[in-house]
Amino acid sequence: MFHSIRWRIAFLYTVLILVTMLGLGLYLSNFIRQTYMNDLKSKLTTEARMVGEVIRPLLANGTSNSDQVDLAAKKWAKILGARVTIIAADGVVLGESDEDRKLMANHSDRPEVIAAQARGQGSSIRFSQTVRYDMLYTAVRLDTQDVVRVAVPLNGVQANITHLQRILFSATFIVMVLAILLAAWIAGRTSRPVRELTEAVRQMTAGEITDQPVVKTVDEVGQLTQAFNHMSVQLREQIQALESERAKLFAVLEKMTDGVVIVDQQGFILLMNQTAESMFGVPHGTSTGKPLVEAIRHHQPFELWQKCQKFGATEEASLDLSKRLILHGIATPLGQALPGSTLLLFQDMTRQFQIETLRRDFISNVSHELRTPLAAIKALTETLQDGALEDPPAARRFLGQMETEVDSLSLMVTELLELSRIESGRVPLAVKPTRPVDILIPACDRLRLQAERSGLTLIVECPDDLPAVQADAPRMQQVVVNLLHNAIKFTPPSGQVTLSASRQGEAIIFAVQDTGIGISPEDLPRIFERFYKADRARTTSGTGLGLAIARHLVDAHGGKIWAESELGKGSTFYFTIPLV
108 MFHSIRWRIA FLYTVLILVT MLGLGLYLSN FIRQTYMNDL KSKLTTEARM VGEVIRPLLA
168 NGTSNSDQVD LAAKKWAKIL GARVTIIAAD GVVLGESDED RKLMANHSDR PEVIAAQARG
228 QGSSIRFSQT VRYDMLYTAV RLDTQDVVRV AVPLNGVQAN ITHLQRILFS ATFIVMVLAI
288 LLAAWIAGRT SRPVRELTEA VRQMTAGEIT DQPVVKTVDE VGQLTQAFNH MSVQLREQIQ
348 ALESERAKLF AVLEKMTDGV VIVDQQGFIL LMNQTAESMF GVPHGTSTGK PLVEAIRHHQ
408 PFELWQKCQK FGATEEASLD LSKRLILHGI ATPLGQALPG STLLLFQDMT RQFQIETLRR
468 DFISNVSHEL RTPLAAIKAL TETLQDGALE DPPAARRFLG QMETEVDSLS LMVTELLELS
528 RIESGRVPLA VKPTRPVDIL IPACDRLRLQ AERSGLTLIV ECPDDLPAVQ ADAPRMQQVV
588 VNLLHNAIKF TPPSGQVTLS ASRQGEAIIF AVQDTGIGIS PEDLPRIFER FYKADRARTT
648 SGTGLGLAIA RHLVDAHGGK IWAESELGKG STFYFTIPLV
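So, in structure tokens, the structure goes:
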């Protein structure tokens, strides 16, 4: 129902009337009650003063005329139609119209009596324990310091107010019903032109030729109708122009693969899709009408187009535009679709080229890493065959060296397999809330003995109150172990390695800081590549895979890893893990 503007208008109008009437009713109810109570208090005060003037002679002799005072209280209660109580200055009841005064308690603690003694008069509304309903009490102090109190029940006042509220609520209900009917009628008349205009739009969308809606008003709806009529005329005039554009778009959709550029016979661009704009760094929507060579600012695509124009046949070429962009270009004449125009298609081959380069580098690095231990094993084997077996101490030493080289080969193969599994996503991560200290301490304990043998001081700085991170604890311990192992290996004796963790926004940042030899600026961007070693001579031990494994594990946890270093002053490796 509320999807219709008609009912939305009616609903808001009704709510406004309802809220207004309820607020007015509550205000009038409280206002009348307060006015009635003020008038009643004023009346009772006047009556109390009148009673006080009459019985003043009886009160002049103190409590000796108590019986006469009591009779006077009953007499005036009948005259006034109210409860009359005469109270001495000390609170003793001298006269009471409704109860036995002798059985009544001292009244010096009554609020209206206290107020009368203090200010000359006082009033209060409270539940009477004597008569068991709410009463309005008004007390007046006399010259003799005695107090005359007049009280009336509030039952009648409450009944009048309740009756008034019923009248107000009934009127509110009637007005609300009338408001709904009136709002529905007004909303219907207001929305009728909009419904007619909507129906005309639907017919035009369906391709039906319809008469233009008649403008019946000069308000916003009438202006909208005029605008619609003007728009429908323009649409009819533009249909033929759109047919020509449709041919261009059809040709593009039929032949598009990646980046698409349509060039006319003079070399001006007719169309360039967003992919091609991104490839050549052309601002969006600025290429149409410009010469091809001016828009893309590369001679190779222009030469490809020229060659296609010259021979009138499809031409292909590999375009090496920069180190970061390698394209495969295809130039195809559009023929009858757009005579004289050429369709240029560009396929981004950068990723494939990078993969091929990585494959070559990988084979070269693996070959280099395998050559040294294999050459050593072969040399040791030949030495043993040449007679070293006859020398048991030398033979044992050679066998120990062979075992070391075999362990190195085994470690390399294991790390290669591990890296391959991580990169392919075949390593399941048991991610769960983990305290940062449970990542740093186990890794530190594993390499503490190695650090001590190297004469290094190992420090862990990790507050216990850090929030937990979403991590696979053993995998993240492996990251810390790899970073810590590197720090120990490249830090001279008497140095220091510090492991720390702190909060940074919605993540925990871990750091492994050493006082070692540092990393040169040209090596720093590549240290997380497979087999890359800052030691160009590769004289240091290790496979060059530890940091690559660490990077992939951090990436799998949704974090990032980086390093900061300065030659001769040490290095700091950072990585982040998101919070739980």
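Taking this note's numbering as reference, the numbering of the sequence shown is continuous, increasing by one, and the terminal residue is 687. Positions of the beta carbon are idealized from the N, C-alpha and C atoms, including for glycine.
The beta carbon of C415 is closer than 6 Å to those of E422, A438, T449 in its chain, skipping five residues each way along the sequence. In terms of Cβ geometry, I484 and T457 do not form a close pair [threshold 8 Å]. Residue burial is scored here from C-beta neighbours: H406 has fewer than 16 other C-beta atoms within 10 angstroms and is therefore classed as exposed.
Here the alpha carbons of A286 and L131 stand approximately 16 Å from one another. Distances from the alpha-carbon of K185 to those of L686, A482, Y134, V257 put V257 closest. Note that the C-beta distance between A502 and L590 is not below 8 Å. Assignment of beta-bridge partners to F682 by DSSP yields F617, I668.
Counting along the chain, S561 sits inside no alpha helix (DSSP H), nor does DSSP assign it H or E at all. In summary, A383 is buried, with 16 or more beta-carbon neighbours lying within 10 Å of its beta-carbon over all protein chains present. Comparing C-alpha distances from P599 to each of H592, I624, S607, A580 shows the shortest one belongs to I624. Exposed is the label assigned to M338, since fewer than 16 other Cβ atoms lie within 10 Å of its Cβ.
Per DSSP, L573 lies in no alpha helix (DSSP H) segment and is marked neither H nor E.
Boundaries of the alpha helix (DSSP H) harbouring S173: 173–187, taken from the DSSP string. For I221, the enclosing alpha helix (DSSP H) starts and ends at 218–226. Nearest C-alpha to G388 among S429, E410, A486: S429.
For T382, the enclosing alpha helix (DSSP H) has its first and last residue at 381–387. In the structure shown, H435 adopts extended strand secondary structure according to DSSP, grouped into three states. Counted as a single uninterrupted DSSP element, the alpha helix (DSSP H) harbouring F418 occupies residues 406–418. Only residues of its own chain outside the window of five on either side were considered, and among them L536, A537, V538 have a CB closer than 6 Å to the CB of D579, listed in chain order. Using a C-beta cut-off of 8 Å, the region 141–148 makes no contact with the region 170–184, since fewer than three inter-stretch Cβ pairs fall below that distance. Judged by pairs of C-beta atoms under 8 Å, the region 203–214 does not touch the region 266–275, as fewer than three such pairs exist. Annotation: V538 is outside any beta strand (DSSP E) and is labelled neither H nor E by DSSP. DSSP, reduced to helix, strand and coil, places F335 within a helical segment of the structure shown. Under the DSSP assignment, A655 falls in the alpha helix (DSSP H) whose first and last residues are 653–663. With fewer than 16 other CB atoms across the displayed protein chains lying within 10 angstroms of its CB, E673 is exposed. Per DSSP, the beta-bridge partners of I232 are L243.
Checking the DSSP bridge columns, you'll see Q611 partnered with A614. Its Cα nearest to that of I376, the residue P398 stands out among P390, G392, P398, K355. DSSP places L452 in the uninterrupted beta strand (DSSP E) bounded by 449–455.
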